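Notes for the one structure printed next.
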């Protein structure tokens, strides 16, 4: 077992003791990737549950439960049976009884000890996904390395691609090229938004359509690789950039700089939301925070939690964040890591124009508009 997975098993064992549970059953695709340092159990990506589940017992013993369709691939390409003892069963048995998997897991525990799960299963399990999420927040050193590589590759891929786009292409055609560019680097777009011209002003989440772009194009992507997800937004303009679009983008970048400066260990989501609301007002755009969320913690999900007025979640050291301040008609977004005394942008690309904003003597960068 890798030191990364072993450390995560230790976190789970501590969680089981706190929750007075005999074991934890992990079936969601994001938690499977988290515990296994990037392995995949996803087959049907329309479902949260993957094919195959991991069981961690309160003594640290680990199992993989899967039917005979999935087990050969999991052990050949994703896991080692030296780390996760295989418990294989017929796929027909899994279909016959909704409680089959839970019963299989309970057979491996002291049946007097309750079972925790990251997915709602039945009355014999306790759903504790919120507690599991807290185990994920502080990234390990190997995760930081993988995340930085993903951020670099995603930023570089999108930066290179948008420079090749031609006015007249549809949003769907652009989206297809983005998906292909990410796939060439082993990443998958779990969120893919494209907006042409006035659609940027109209919708905060513009699902690609057959609209052809003429002057301005916004590309938003959440790219997943080895379970980790990096988010970024880029806007390109054909010809001269209007003064109003420039003014609004600078305002969004100034809000983003305030957010980045405040993303420090111990800060709460409510603290950050209050800061954002104040920053929009100071920039002359009061209330923009009411029109779209500002982003929040990320990692193995596009957002683990959002900054909002009642949020008690706190920033942790080595936790990932994707902030996305927007002023109607424009937006800035990068993914970063909250370090002990600073933030590290992982999706920024050196060849993309930047807006630099100083806060408390330190410069913070946001992606600018690109004129093509």
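Numbering (this note's numbering), first residue to last: -3 to 368.
Glycine included, every Cβ here is placed at the ideal spot set by N, Cα and C.
Treat the numbers as computed from the prediction; the structure is a model and nothing was measured.
191 is the residue among 201, 216, 191 and 227 whose C-alpha sits nearest the C-alpha of residue 210.
For the segment 228 to 312, the continuous beta strand (DSSP E) assignments of 3+ residues that do not extend past its boundaries occur at 291 to 294, in sequence order.
Looking from the CA of residue 241, the closest CA among 212, 59, 279 and 181 belongs to 212.
Straight across, the Cα-Cα distance linking residue 72 with residue 330 is about 36 Å.
For residue 165, the secondary structure class from DSSP, reduced to helix, strand or coil, is coil. Distance from the CA of residue 51 to the CA of residue 185, rounded to the nearest whole angstrom, comes to 29 Å. For the options 60, 155 and 89, the alpha carbon positioned closest to that of residue 75 is the one of 60.
The way I'd put it, the segment 125 to 138 doesn't touch the segment 175 to 184; fewer than three beta-carbon pairs between them come closer than 8 Å.
With respect to residue 166, residue 206 sits close: the two C-beta atoms are nearer than 7 Å. With contacts defined as CB atoms closer than 7 Å, residue 333 and residue 316 qualify as a contacting pair. Positions of the beta strand (DSSP E) runs, each at least 3 residues long and wholly inside the segment 44 to 91, are given as 45 to 53, 58 to 63 and 81 to 85 in order along the chain.
When Cβ pairs closer than 8 Å are counted between the two stretches, the segment 353 to 362 is seen not to touch the segment 275 to 290, the count staying below three.
Taking residue 39 as the centre and dropping the five residues before and after it, the same chain places the C-beta of 46, 47 and 66 closer than 8 Å to its C-beta, in chain order.
For residue 209, no pairing in a beta bridge is given by DSSP. In the three-state scheme derived from DSSP, where H, G and I count as helix and E and B as strand, residue 351 is classed as strand. Under the three-state reduction of DSSP output, residue 317 falls in the strand class.
DSSP places residue 135 outside both helix and strand once states are collapsed to three, so it counts as coil. The C-alpha of residue 22 is placed about 17 Å away from the C-alpha of residue 109. Comparing alpha-carbon positions, the option among 57, 143 and 270 lying closest to residue 30 turns out to be 143. With distances taken between CA atoms, residue 28 lies nearest to 5 out of 235, 5 and 11.
Taking every protein chain shown into account, the CB of residue 244 has 16 or more other CB atoms within 10 angstroms, so this residue is buried.
Cβ neighbours of residue 246 within its own chain (closer than 8 Å, five residues either side excluded): 351. Residue 15 sits in a helix when the DSSP states are folded into three classes. Looking at the DSSP output, residue 359 sits in a beta bridge with 354. In this structure, DSSP gives residue 127 a helical state, which the three-state scheme calls helix. Spatial neighbours of residue 199 in its own chain (CB-CB distance under 7 Å, excluding positions within 5 residues in sequence) are listed in chain order as 191. For residue 313, same chain residues with a beta-carbon under 6 Å away, outside a window of 5 residues either side, are 261 and 336 in chain order. Counting every other CB atom within 10 Å of its CB across the protein chains shown gives residue 292 a total of 16 or more, marking it as buried. Between residue 77 and residue 64, the C-beta spacing is not below 7 Å. The beta carbons of residue 311 and residue 249 sit no closer together than 7 Å. Distance from the Cα of residue 217 is smallest, within the candidate group 233, 170, 236 and 256, for 170. For the segment 147 to 197, the continuous alpha helix (DSSP H) assignments of 4+ residues that do not extend past its boundaries occur at 167 to 179, in sequence order.
About 12 Å separates the beta carbons of residue 364 and residue 155, which is beyond the 8 Å limit, so they are not a contact pair. Minimum Cα-Cα distance from residue 41 among the listed residues 196, 187 and 368 corresponds to 187.
Distance between residue 19 and residue 49, taken at the CA atoms: about 13 Å.
Annotated three-state conformation of residue 368 is coil, per DSSP.
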